Amino acid sequence: MITPTEVFKSLADETRVRAILLIAEQGELCVCELMCALDDSQPKISRHLALLRSNGLLLDRRQGQWVYYRLNPQLPAWIGEILRVTSKANGDWLKDNAARLQHMDGRPVRERACC
Numbered sequence: 001m002i003t004p005t006e007v008f009k010s011l012a013d014e015t016r017v018r019a020i021l022l023i024a025e026q027g028e029l030c031v032c033e034l035m036c037a038l039d040d041s042q043p044k045i046s047r048h049l050a051l052l053r054s055n056g057l058l059l060d061r062r063q064g065q066w067v068y069y070r071l072n073p074q075l076p077a078w079i080g081e082i083l084r085v086t087s088k089a090n091g092d093w094l095k096d097n098a099a100r101l102q103h104m105d106g107r108p109v110r111e112r113a114c115c
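Residues in the sequence shown are numbered consecutively from 1, following UniProt numbering.
Here is the structure:
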């Protein structure tokens with residue numbers, strides 16, 4: 001069970017907050033999509049995603065060369081509510097990231113997960 005302290009410590013970085021809000025909004029994103037949306041390097045994005053995953057906020061899945069991240073569906077409802085409210089109240093803060101993602105060339109095509 002993740003505690004409020006663990007959640008807020010995990011989100012105490014702008015890159016992690018932007019990444020998790022984009023993932024929550026999109027349902028699932030790969031590292032390359034987050035690199036584009038956040039205009040940052042692969043090592044930095046991967047490091048932040050690894051922290052969010054190790055703290056139980058995200059799950060990942062591999063599809064060929066891509067690793068996709070999504071919210072852990074077993075998170076307590078209050079965490080989802082925090083993310084939903086934060087995203088809704090801060091659309092302007094995320095609009096440049098969302099626009100870069102929307103206009104990304106060569107976005108990977110998702111196959112339906114079998115499980």
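C-beta: ideal position from N, C-alpha, C; glycine also.
Here the structure is a predicted model, which means the values were calculated and not measured.
Exposed or buried, residue i, counting other C-beta atoms within 10 Å across all chains shown (16 or more means buried)?
i	result
V109	exposed
Can you check whether the CB of residue j is closer than 8 angstroms to the CB of residue i?
i	j	result
R100	A37	yes
L21	L83	yes
L51	S10	yes
M35	Q26	no
T5	K44	no
Measuring CA to CA, which of the options is closest to residue i?
i	options	result
L58	I45, L75, T5	L75
R62	P73, I2, I23, V31	V31
S54	S41, Q102, Y69	Y69
Got a sec? Which residues, its chain only, sit under 8 angstroms from residue i by beta carbon, not counting five neighbours each side?
i	result
R47	none
P73	L59
By Cβ distance below 7 angstroms, which residues in the same chain neighbour residue i in space, the five residues on each side in sequence not counted?
i	result
R18	L38, L94, N97
Would you grab the beta carbon distance between residue i and residue j for me? Rounded to a whole angstrom, and I think it's under 8 angstroms.
i	j	result
G56	I23	Their Cβ separation, rounded to whole angstroms, is 14 angstroms, which puts G56 and I23 out of contact at 8 angstroms.
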